[in-house]
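> Quick note: the sequence shown uses the numbering used here, first residue 1, plus one each step.
Backbone N, C-alpha and C fix where the C-beta goes; we use that ideal spot for every residue, glycine too.
Quick one: this structure, given as structure tokens, is what I'll be asking you about.
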Amino acid sequence: MLVTPDFAALQSRLEARLFSAGLDAPLSITRPNLFAPSALQLSRRGIDRMCDYIAAVEAVVALPAWQEQALARAPAIARHQPAARGVFYGFDFHLGEQGPQVIEINTNAGGAMLNLLLAQAMRACSPNALAPTDLDAQESDFIAMFHAEWQAERGDLPLRRIAIVDEAPAGQFLAPEFELFRQLFLRHGIEAVIAAPEELTWDGAQLLHDGQPVDLVYNRLTDFYLAAPELAAIRAAYLQDGVVLTPHPRAHALYADKRNLLTLCDAAQLAALGADQQIIRTLVSGTPPTRLVTPEDAEALWAERRQWFFKPNAGYGSKAAYRGDKLTKRVWEEIQQGGYVAQRLVPPGECEQAIGGEPQRFKVDIRVYSYAGKAQLFAARLYQGQTTNFRTPGGGFAPVWLDV
């Protein structure tokens, strides 16, 4: 169920929070459809099931047999084993008839800082709203997470400088969040820069930005295995343990490769890897049936295409992902050559809110940001169309409240 506070009050409080956090341009102008004007209420049972699912994934990924299987099909760089876990994993769920169903697991989920500020602003307009996690402690938890990543690899040495890295960062849709993180780090005594990968150099001992050492890279890149030539400095520093990189290629292989979903939905495979029965029940009940697309299965999958959603093995979000009922023959010719999984279609939830005085239907999914197997923050995404897009008036990120 959606709840909508006074929109003018919400916008005023949100812009004030964003300004105090370090942004100087109103997101209502630069990103008009980034935030929805409503919040989504979910049951405690639904929240708990998503938390249980995340913990179950963490447990099964720790199994040696899981790691061996996942790393065997990944590029060699994924076999490099840093001590850092990886920050801001994202578990995206649809709320199906059987309860929350995971649609995607990713290892560089964007939007956490933006969603925190949105939830804090909306709570100020709705004092009785109850979040599933402690919003007041969240900023400290985020900082503690980065320190934990650093300490896992560098012990008691001081964390002095972080580079927030993405391709052409100023042009990214979530670029304002980079500045929010930079300001967050500065407030906690850590120097921070926002940089494109080609601005970094490796001198054989240190990763440098503008001649200054970089201790930790907060990695927002979607080249998950650091393959592009412009990532050579980061790749060399990572492989020689010259920088703490978080998240990193190994994390992507173990968690986010879509082929992992084939195992997460299969009780027999999970048992063979050594998972216990409670973990198996949690994962199988929360993972839609998923299969590998092969030329041998192409005819059957085409005939059943309306029941499936097709995703590239190493993709993310909606990039090159297709609902079966929207497929053209041309696209299908590419998909059936391989490199894709087919996930049983679980329609997103739907809700209604008034836009311009007229009721409109919106699709909704849930993103859970997590670290070390524990949920940090819950957010909803409202949209119209095939996939989340941040182009729909009235759509965008929305806080999640407990339905009490």
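1) Comparing C-alpha positions only, which one of Gly-357, Ile-234, Asn-389 sits nearest to Asp-365?
2) Since Leu-261 and Thr-294 are thought to touch, with beta carbons under 8 Å apart, how far apart are those beta carbons, to the nearest angstrom?
3) What are the start and end residues of each continuous beta strand (DSSP E) run of 3 or more residues lying completely inside the region 78-165, in chain order?
4) For the region 215-231 against the region 136-156, do three or more pairs of beta-carbon atoms, one drawn from each stretch, fall closer than 8 Å, so that the two count as touching?
5) Bridge partners for Lys-374 per DSSP, in chain order?
6) Based on the DSSP output, what are the partners of Gly-396 in its beta bridges?
7) Determine the contact status of Arg-220 and Asn-106, defining contact as a CB-CB distance below 8 Å.
8) Applying the 10 Å Cβ sphere with the 16-neighbour rule, what's the burial state of Ser-370?
9) Run through the region 285-321 for me and flag every whole beta strand (DSSP E) of 3 or more residues, listed as ranges in chain order.
10) Going by DSSP in three states, Gly-242 sits in which element: helix, strand or coil?
11) Does the pairing of the region 70-85 with the region 30-45 give three or more beta-carbon distances under 8 Å?
12) Please report the straight-line C-alpha distance between Ala-8 and Ala-25, rounded to a whole angstrom.
13) Closer than 7 Å by C-beta to Thr-201: which residues in its own chain qualify, once you throw out the five before and the five after it? Chain order, please.
14) Name the two residues that bound the continuous alpha helix (DSSP H) containing Tyr-53.
15) Thinking just about the alpha-carbon of each residue, which of Ser-43, Pro-249, Ser-140 is nearest to the one in Arg-73?
16) Classify Val-87 as buried or exposed, calling it buried when 16 or more other Cβ atoms lie within 10 Å of its own Cβ.
17) Where Thr-328 and Gln-384 are concerned, what is the direct C-alpha to C-alpha distance, given to the nearest angstrom?
18) Applying the criterion that 16 or more other CB atoms from any shown protein chain within 10 Å of the CB defines a buried residue, is Thr-30 buried or exposed?
19) What residues in its chain sit with their C-beta under 7 Å from that of Asp-52, if we drop five residues either side in the sequence?
20) Assuming the contact rule is C-beta atoms closer than 8 Å, Gly-396 and Leu-180 should be a hit. Round their C-beta distance to whole Å, please.
21) Residues bridged to Cys-351 by DSSP?
Let me spell this out:
1) Of the candidates Gly-357, Ile-234, Asn-389, the one whose C-alpha sits nearest the C-alpha of Asp-365 is Asn-389.
2) Going by Cβ atoms, the distance from Leu-261 to Thr-294 rounds to 16 Å, so no, they are not a contact pair.
3) Whole beta strand (DSSP E) segments, 3+ residues: 89-96, 99-106, 161-165.
4) A contact exists between the region 215-231 and the region 136-156.
5) Lys-374 is bridged to Tyr-371.
6) When DSSP reads this structure, Gly-396 sits in a beta bridge with Leu-382.
7) Not in contact: Arg-220 and Asn-106 (Cβ atoms no closer than 8 Å).
8) That one is buried.
9) Unbroken beta strand (DSSP E) stretches of 3 residues or longer found wholly inside the region 285-321: 290-292, 308-312, given in chain order.
10) Secondary structure at Gly-242: coil, using DSSP grouped into helix, strand and coil.
11) Because the criterion of three Cβ pairs below 8 Å is not met, the region 70-85 and the region 30-45 do not touch.
12) Distance between Ala-8 and Ala-25, taken at the CA atoms: about 18 Å.
13) For Thr-201, same chain residues with a beta-carbon under 7 Å away, outside a window of 5 residues either side, are Leu-208, Ala-233 in chain order.
14) Its alpha helix (DSSP H) spans residues 44-61.
15) Ranking the options by Cα distance to Arg-73, first place goes to Pro-249.
16) Classification for Val-87: buried.
17) Going from the Cα of Thr-328 to the Cα of Gln-384 covers about 21 Å.
18) It counts as exposed.
19) Cβ neighbours of Asp-52 beyond the five flanking positions: Thr-282.
20) Cβ-Cβ separation between Gly-396 and Leu-180: approximately 16 Å, too far for a contact (criterion under 8 Å).
21) Partner residues in the beta bridge of Cys-351, as assigned by DSSP, are Phe-362.
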